[in-house]
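K.L.:
Provided herewith is a single structure, encoded as structure tokens, for subsequent inquiry.
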Amino acid sequence: MSLNRVLRRGVAASAALTATVAACLLVPSTASGATAAELPPAHAGFDYQIGGSYTPPAGVETVSRDRTAAPAPGLYNICYLNAFQVQPGAEGDWDPDLLLRDADGEVVYDGDWGEAVLDIRTAGKRERIAAKVGGWIDGCADKGFQAVEPDNYDTFTRFPDLLTADQAMSYVSLLSARAHEQGLAAAQKNTPQLAGERERTGLDFAVAEECGAYDECGDYTSAFGDDVLVIEYTDDGLRKACAGFGNRLSIVRRDVGVSPAGSDGYVRRTC
């Protein structure tokens with residue numbers, strides 16, 4: 001939460017104003033002015049466990065897990081939220097008018113994942129959706145997570161005839177503000193084209209999928225410095241991410257299903 005600077009001219013400032021200024025000077029702030037919440041350790045061991053929790057491998061300091069899971073003891077924990085879309089089959093958990101609809105009145109789905117899209121086109125709907133997701137954020141804080149990761153920030157790129165980047169930024173700023181109220185940091189998930197808007201959105205660090213594979217890691221570091229966590233899903237993507245940023249960023253290679261350790265398909269590698 002940013003603080004307004006108080007400018008004092010002359011010596012006629014009242015005692016109340018002086019006390020206010022003194023209090024403001026005691027409140028820490030970050031370079032972005034967004035929050036003083038703790039950020040993930042930079043260039044540290046990282047594991048992406050949103051598909052199921054398991055004991056983190058040796059050397060891991062930061063873990064991302066689904067909001068329904070418990071944090072990993074003793075580590076920095078990021079709470080994953082599907083914030084812009086609806087989990088498959090959970091449409092009934094939402095008011096019908098908060099589901100995005102096409103010109104025919106049919107609910108719009110992200111076909112790759114079978115997820116209904118939330119309607120963030122008006123301020124009123126954004127506030128209602130943010131209130132529900134805000135309850136999840138509060139739950140993350142209650143469990144002991146240190147940060148939240150609101151996923152599908154980039155939904156507008158898949159439905160450009162219905163959604164805009166401005167709507168996405170307005171909505172995610174409500175989520176980051178709610179996180180900051182709870183003392184949590186807020187991650188920008190993917191969406192490199194909006195990384196430079198972090199002052200507006202209040203996002204504190206980035207979680208980037210396949211930025212190595214798509215040559216986007218530099219887009220995130222230009223805005224967030226070394227506060228970027230990278231997940232690659234191919235060996236080639238891991239190779240490229242490690243070659244360009246392995247000495248700066250937290251990078252992990254996972255299987256696309258982010259399967260728990262010991263299950264079929266589980267893959268985890270690092271630089």
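In case it helps, the numbering used here puts the sequence shown at residues 1 to 271.
Note that beta-carbon positions come from the ideal geometry of N, C-alpha and C, so glycine has one too.
Mind pulling the alpha helix (DSSP H) runs of 4 or more residues that sit fully within the region 97-128?
P.N.:
Segments of the alpha helix (DSSP H) lying fully in the region 97-128: there are none.
K.L.:
For a minimum of 4 consecutive residues, which ranges assigned as the alpha helix (DSSP H) are wholly contained in the region 169-246?
P.N.:
You should have 198-201, 217-224 and 235-245.
K.L.:
List the endpoints of the continuous alpha helix (DSSP H) containing Asp157.
P.N.:
Inspection of the sequence shows that residue 157 is occupied by Thr rather than by Asp. Thr155 to Arg158 is the span of the alpha helix (DSSP H), which, as asked, contains Thr157.
K.L.:
Which of helix, strand or coil does DSSP assign to Ala22?
P.N.:
Any reading at Ala22 needs caution, since the residue's pLDDT is 33, under 50, leaving its predicted position unreliable; the model's value is listed next. Three-state DSSP puts Ala22 in a helix.
K.L.:
Can you find the residues in the same chain that come closer than 8 Å, C-beta to C-beta, to Asp227, ignoring five residues on each side of it along the sequence?
P.N.:
Cβ within range, chain order: Leu39, Pro40, Ala42, Asp204, Phe205 and Ala206.
K.L.:
Less than 7 Å between C-beta atoms, sequence neighbours within five positions excluded: which residues of the same chain meet that for Leu305?
P.N.:
Outside the shown range of the chain, which is 1 to 271, sits residue 305, and nothing can be said about it.
K.L.:
Please work out which residues of its chain come closer than 7 Å, Cβ to Cβ, to Leu162, disregarding the five sequence neighbours upstream and downstream, and give them in chain order.
P.N.:
Closer than 7 Å at the Cβ level, and outside the excluded window around Leu162, lie Leu100 and Val108.
K.L.:
Under 7 Å Cβ to Cβ from Leu159, same chain only, skipping five residues before and after it: list those, please.
P.N.:
Reading off the sequence shown, one finds Phe at residue 159, where the question assumed Leu. Cβ neighbours of Phe159 beyond the five flanking positions: Val108 and Val117.
K.L.:
Can you give me the C-alpha to C-alpha distance between Ser263 and Thr191, rounded to a whole angstrom?
P.N.:
About 30 Å.
K.L.:
Do Pro150 and Gly114 have their C-beta atoms closer together than 7 Å?
P.N.:
Not in contact: Pro150 and Gly114 (Cβ atoms no closer than 7 Å).
K.L.:
Please say whether Val252 and Tyr48 have beta carbons closer to each other than 7 Å?
P.N.:
Yes, these two residues count as a Cβ contact at 7 Å.
K.L.:
Run through DSSP, which three-state label would Val63 get?
P.N.:
Note: Val63 maps to strand in three-state DSSP.
K.L.:
Sort out for me which residues DSSP pairs Phe46 with in a bridge.
P.N.:
Answer is Thr62.
K.L.:
Closest by CA to Val86, which one among Tyr76, Ile78, Asp110 and Asp102?
P.N.:
Taking only the C-alpha atoms, the option nearest Val86 is Asp110.
K.L.:
Terminal residues of the continuous beta strand (DSSP E) containing Tyr266?
P.N.:
Looking at the DSSP string, Tyr266 is not in any beta strand (DSSP E), and its letter there is neither H nor E.
K.L.:
Buried or exposed for Cys24, going by 16 or more other Cβ atoms inside 10 Å?
P.N.:
Confidence at Cys24 is low in this model, with a pLDDT of 32, below 50, so its placement is unreliable and no value can be given for it.
K.L.:
Do the CB positions of Gly51 and Val258 come within less than 7 Å of each other?
P.N.:
Contact flag set, yes.
K.L.:
What do you reckon, are the CB atoms on Val230 and Ala208 nearer than 7 Å?
P.N.:
It is a contact, given that the beta carbons lie within the stated cut-off.
K.L.:
Roughly how many whole angstroms lie between the Cα atoms of Ala185 and Leu238?
P.N.:
Each residue's alpha carbon lies about 26 Å from the other.
K.L.:
In chain order, what are the residue ranges of uninterrupted beta strand (DSSP E) at least 3 long that sit wholly in the region 61-95?
P.N.:
Correct list: 76-82.
K.L.:
Would a C-beta distance cut-off of 7 Å place Tyr54 and Ile120 closer than the cut-off?
P.N.:
No, Cβ-Cβ distance for Tyr54 and Ile120 is not below 7 Å.
K.L.:
Do Ala37 and Gly265 have their C-beta atoms within less than 7 Å of each other?
P.N.:
No. Outside cutoff.
K.L.:
Rounded to whole angstroms, what's the CA-CA distance from Arg178 to Asp219? Just pull it up for me.
P.N.:
Their Cα atoms are separated by approximately 26 Å.
K.L.:
Looking at the unbroken beta strand (DSSP E) that takes in Ser250, where does it start and where does it end?
P.N.:
First-last of the beta strand (DSSP E) with Ser250: Ser250 to Arg254.
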